[in-house]
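Asks:
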Amino acid sequence: MRQGLSADLIARVLGAAPKYTLAELEAKFPPRNLPDGAFVTRFAPSPTGMMHLGGLYGALIDCKLAQTTNGVFMLRIEDTDTKREVADAVDIIKKSLDKFGLAYNNDPVYGPYYQSMRRDIYHSVAADLLARGLAYPCFLTGDDMERIRDNQKAAGFPTGIYGEFARDRDLTDDEIMAHLDAGDTPTIRLYSTGNPENKIFCKDVVRGSIGFPENNEDLVLIKSNDGLPTYHFAHLVDDHFMRTTHVVRGEEWLPSFPLHVQLFRMMGWNAPNYIHTSTIDKIDDETGKQRKLSKRKDPEANVDFFIRDGWPVDAVMEYLFNIAASGYEEAKTKGAVKTIWEYDMRPKKIPMSGALFDMKKLEWWAREFIATLPVDALVDRVVAWANEYSDEHQKMQVADTAYLSAVLGIERDNPKRIRKDFITWRQTLETVAFFWDDLYIPNTEFEYNRDALREFLAVYDAGDDKDAWWNKVVAIAEKLGIKNGDVAMNLRVALSGRTNTPDLYSMMTVMGAARVQQRIKNVL
Ligand code: GLU
998 MRQGLSADLI ARVLGAAPKY TLAELEAKFP PRNLPDGAFV TRFAPSPTGM MHLGGLYGAL
1058 IDCKLAQTTN GVFMLRIEDT DTKREVADAV DIIKKSLDKF GLAYNNDPVY GPYYQSMRRD
1118 IYHSVAADLL ARGLAYPCFL TGDDMERIRD NQKAAGFPTG IYGEFARDRD LTDDEIMAHL
1178 DAGDTPTIRL YSTGNPENKI FCKDVVRGSI GFPENNEDLV LIKSNDGLPT YHFAHLVDDH
1238 FMRTTHVVRG EEWLPSFPLH VQLFRMMGWN APNYIHTSTI DKIDDETGKQ RKLSKRKDPE
1298 ANVDFFIRDG WPVDAVMEYL FNIAASGYEE AKTKGAVKTI WEYDMRPKKI PMSGALFDMK
1358 KLEWWAREFI ATLPVDALVD RVVAWANEYS DEHQKMQVAD TAYLSAVLGI ERDNPKRIRK
1418 DFITWRQTLE TVAFFWDDLY IPNTEFEYNR DALREFLAVY DAGDDKDAWW NKVVAIAEKL
1478 GIKNGDVAMN LRVALSGRTN TPDLYSMMTV MGAARVQQRI KNVL
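All residue numbers for the sequence shown refer to this note's numbering, where the first residue is 998 and numbers rise by one.
As structure tokens, this is what we get:
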């Protein structure tokens, strides 16, 4: 510990006297009034301009833990990196949460929820550390730091600002004043008293207690260029005063875990519970090896991909949820729960490694999900997607919703045998495109039995019920000495261009007499 700075000097170092005392902050952000065992979680993205699938995974865990325990799920915007700011980035995050059905609850008492608007709070806590000699103003320039780093490397020391390399950690008041008089703006650094020879134990809810060497780096708490906090300091201050009970974050934060525990201890605050989640991986198409989803290589790393491509968001969430809570699939299959919101999330079951995202498995969830949709809901979803994201052809398909309903309604009335060929809204429209004359592609490869088609055309009556219609098919088969199925196949291909379609009779009913006759005539 060094000697603390006087209130006057602190005001000069921080550019202004702190707005609050710690006691005032404690009173301003009182403990939350929640039932026992309620989790307070937060999704704390940096606004980078895209929402990563791993971010959505974390947000889902946050949201579910809060929902399961009648707690609170917050959204906090970590916008302290002013160099990386992107227009609309916050909108992208909010829209994604909304599209994927994750509702946050930002109680104004604990706000503001943009870190850039919490400067007074950070400065007030920094003032406390400066007064207690647990932080200090540091005037190292970029060049100084580079020189230190080069020397450390040359001498084989770990790089960083620590111990003897932390030039300014013991500046006297006069020296500090001289810098300030010269117009230098300091960063505020932690005055670390950690010793890497000692171990510090940090407890992760799932991983258990992990031993790390103590942190001896005088890490930056407040940056000099904009007076905003680093992630480390903002995490300390915000998760304390927002009364977060559980910090769910990616395993990339494990190396800074000892520093964070050190900071909480210095403040005499209870640290929140931590859950460091596994990264979301995939199997690389080329190497066959498991690797992290890459923003650059994998379109599915950006959650917007699923929206644009028309994946049912419910299925994406179910699949992600099943990665975090692997009992969900069984509970759902058995009918014990209908949606992820009915299934309790247990923090201890969150996997700590190998969270794999596989598009094939997502397809399964999507098929199952769409199969449960009543036709009206299916039509609504398809129409909403097409109007926003599809090409002109698909927009045309959804223009006549009555026809679209009839098409998508085929084989949806028997709950025991619901078709499972729809995966995405886009692919649904593609699958049924042949129902529209402009999109129907006649099959010119198929070897038609033209007699069968001719016979059918002669007896076809759109008013026939299914039995009457089938009897006609059977009669034609007998007359021509071919199988019933051959007659049906000829009709199927003539009408759809394809050998694989939904129920033929329903298809003809939906298409209507004129279209059926026209297509058969065209083949003939
Ligand atoms: N802004 C940090 C990130 O995006 C948040 C980590 C955390 O949840 O504490 O990685």
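Glycine included, each C-beta is placed from N, C-alpha and C at the ideal position.
Using C-beta distances below 6 Å, list every residue in its chain close to residue 1176, excluding the 5 sequence neighbours before and after it, in chain order.
Replies: Indexing the sequence shown from 1 puts residue 1176 at position 179. Here the set comprises 1136.
Asks: With hydrogens ignored, establish whether the beta-carbon of residue 1253 is closer than 6 Å to any heavy atom of the ligand GLU.
Replies: As a working mapping, residue 1253 is identified with position 256 in the sequence shown. Result no, Cβ not under 6 Å from the ligand GLU.
Asks: Can you list, in chain order, the residues of its chain with a C-beta nearer than 7 Å to that of residue 1148? Leave out the 5 residues immediately preceding and following it.
Replies: As a first step, residue 1148 is located in the sequence shown; it is residue number 151 there, counting from the start. Result list for residue 1148: empty, nothing under 7 Å.
Asks: Entirely within the stretch 1406-1431 and at least 4 residues each: give me those alpha helix (DSSP H) ranges in chain order.
Replies: Every alpha helix (DSSP H) of 4 residues or more that sits fully in the stretch 1406-1431 is shown, in chain order, as 1422-1428.
Asks: Tell me the rounded alpha-carbon separation between residue 1251 and residue 1268.
Replies: Position 254 of the sequence shown, counting from 1, holds the residue named residue 1251. Position 271 of the sequence shown, counting from 1, holds the residue named residue 1268. One C-alpha to the other measures close to 15 Å.
Asks: Report the option in 1370, 1385 and 1376 whose CA atom is closest to the CA atom of residue 1415.
Replies: Position 418 of the sequence shown holds residue 1415. Closest by alpha carbon: 1370.
Asks: For residue 1336, which of 1240, 1314 and 1153 has the nearest alpha-carbon?
Replies: Working through the sequence shown from its first residue, we reach residue 1336 at position 339. Here the closest residue by C-alpha is 1314.
Asks: Based on the DSSP output, what are the partners of residue 1047 in its beta bridges?
Replies: In the sequence shown, residue 1047 corresponds to position 50, counting from 1. Answer is none; residue 1047 lacks a bridge partner.
Asks: Under 6 Å Cβ to Cβ from residue 1426, same chain only, skipping five residues before and after it: list those, please.
Replies: The count along the sequence shown starts at 1 and reaches residue 1426 at position 429. Correct list, in chain order: 1391 and 1394.
Asks: According to DSSP, which residues form a beta bridge with residue 1289?
Replies: Walking along the sequence shown from the start, residue 1289 turns up at place 292. DSSP lists 1278 as partners of residue 1289.
Asks: For residue 1076 and residue 1504, I'd like the C-alpha separation in whole angstroms.
Replies: To locate residue 1076, count along the sequence shown from 1; it is residue 79. To locate residue 1504, count along the sequence shown from 1; it is residue 507. Rounded to the nearest angstrom, the two C-alpha atoms are 55 Å apart.
Asks: Residue 1383: which of 1358, 1408, 1436 and 1423 sits nearest, CA to CA?
Replies: Taking the sequence shown and counting its residues from 1, the one referred to as residue 1383 is at position 386. The candidate whose alpha carbon is nearest that of residue 1383 is 1423.
Asks: If we ignore side chains and look at the alpha-carbon of each, how far apart do residue 1362 and residue 1325 end up?
Replies: For the purposes of this step, residue 1362 is taken as residue 365 along the sequence shown, with counting starting at 1. For the purposes of this step, residue 1325 is taken as residue 328 along the sequence shown, with counting starting at 1. Roughly 12 Å separates the two Cα atoms.
Asks: Give a yes or no on contact between the stretch 1374-1382 and the stretch 1339-1346, applying the rule of three or more CB pairs nearer than 8 Å.
Replies: In short, these stretches do not touch, since the Cβ pair count stays below three.
Asks: Can you round the beta-carbon distance between residue 1353 and residue 1376 to whole angstroms, since I take them to be within the 8 Å contact cut?
Replies: Indexing the sequence shown from 1 puts residue 1353 at position 356. Indexing the sequence shown from 1 puts residue 1376 at position 379. Contact flag wrong, Cβ pair sits at about 34 Å.
Asks: Pair every Cβ in the stretch 1060-1079 with every Cβ in the stretch 1020-1038, then say whether three or more of these pairs are closer than 8 Å.
Replies: yes
Asks: If you follow the alpha helix (DSSP H) that residue 1264 is in, where does it begin and where does it stop?
Replies: On the sequence shown, position 267 is the one that residue 1264 refers to. Taken as a continuous stretch (DSSP letters only), the alpha helix (DSSP H) holding residue 1264 covers 1254-1264.
Asks: I'd like to confirm something about residue 1075: is its beta-carbon nearer than 6 Å to some heavy atom of the ligand GLU, or not?
Replies: On the sequence shown, residue 1075 is found 78 positions in, with the first residue counted as 1. Yes, Cβ of residue 1075 sits closer than 6 Å to a heavy atom of the ligand GLU.
Asks: In terms of residue numbering, what span does the alpha helix (DSSP H) encompassing residue 1518 cover?
Replies: Locating residue 1518 in the sequence shown gives position 521, counting from the first residue. Its alpha helix (DSSP H) spans residues 1510-1520.
Asks: Tell me, please, whether the stretch 1439-1446 touches the stretch 1489-1505 by the rule of three or more beta-carbon pairs shorter than 8 Å.
Replies: Contact check between the stretch 1439-1446 and the stretch 1489-1505: three or more CB pairs, one atom from each, fall below 8 Å, which counts as touching.
Asks: Considering just the uninterrupted stretch of the alpha helix (DSSP H) at residue 1166, what are its terminal residues?
Replies: Residue numbering aside, residue 1166 sits at position 169 when the sequence shown is read from its first letter. Segment: none, residue 1166 is in no alpha helix (DSSP H) and carries neither H nor E.
Asks: Which of the three DSSP states is assigned to residue 1083 in this structure?
Replies: Counted from its first residue, the sequence shown places residue 1083 at position 86. Correct three-state label for residue 1083: coil.
Asks: To the nearest angstrom, report how far apart residue 1244 and residue 1057 are at their CA atoms.
Replies: Against the sequence shown, residue 1244 aligns to sequence position 247. Against the sequence shown, residue 1057 aligns to sequence position 60. About 13 Å.
Asks: Under a Cβ-count criterion, where at least 16 other Cβ atoms within 10 Å of its own Cβ denotes burial, should residue 1259 be classed as buried or exposed?
Replies: Working through the sequence shown from its first residue, we reach residue 1259 at position 262. So residue 1259 counts as buried.
Asks: May I have the straight-line CA-CA distance separating residue 1020 from residue 1032, to the nearest angstrom?
Replies: In the sequence shown, counting from the first residue as 1, residue 1020 sits at position 23. In the sequence shown, counting from the first residue as 1, residue 1032 sits at position 35. If I take the Cα positions, the gap works out to 25 Å.
Asks: Thinking residue 1238 and residue 1022 are a contact (beta carbons under 8 Å), I'd like their distance in whole angstroms, please.
Replies: To locate residue 1238, count along the sequence shown from 1; it is residue 241. To locate residue 1022, count along the sequence shown from 1; it is residue 25. Between residue 1022 and residue 1238 the Cβ distance is about 6 Å, and since that is below 8 Å, they are a contact.
Asks: As a quick exercise: from 1120, 1297 and 1052, pick the residue whose alpha carbon is nearest that of residue 1008.
Replies: Residue numbering aside, residue 1008 sits at position 11 when the sequence shown is read from its first letter. Cα-wise, what sits closest to residue 1008 is 1120.
Asks: For a quick check, are the C-beta atoms of residue 1015 and residue 1128 less than 7 Å apart?
Replies: Along the sequence shown, read from residue 1 onward, the residue named residue 1015 stands at position 18. Along the sequence shown, read from residue 1 onward, the residue named residue 1128 stands at position 131. No; because the gap between Cβ atoms is not below 7 Å, this pair is not in contact.
Asks: Taking 6 Å as the cut-off, does the CB of residue 1043 come closer than this to any heavy atom belonging to the ligand GLU?
Replies: Counted from its first residue, the sequence shown places residue 1043 at position 46. Yes - the ligand GLU has a heavy atom lying nearer than 6 Å to the Cβ of residue 1043.
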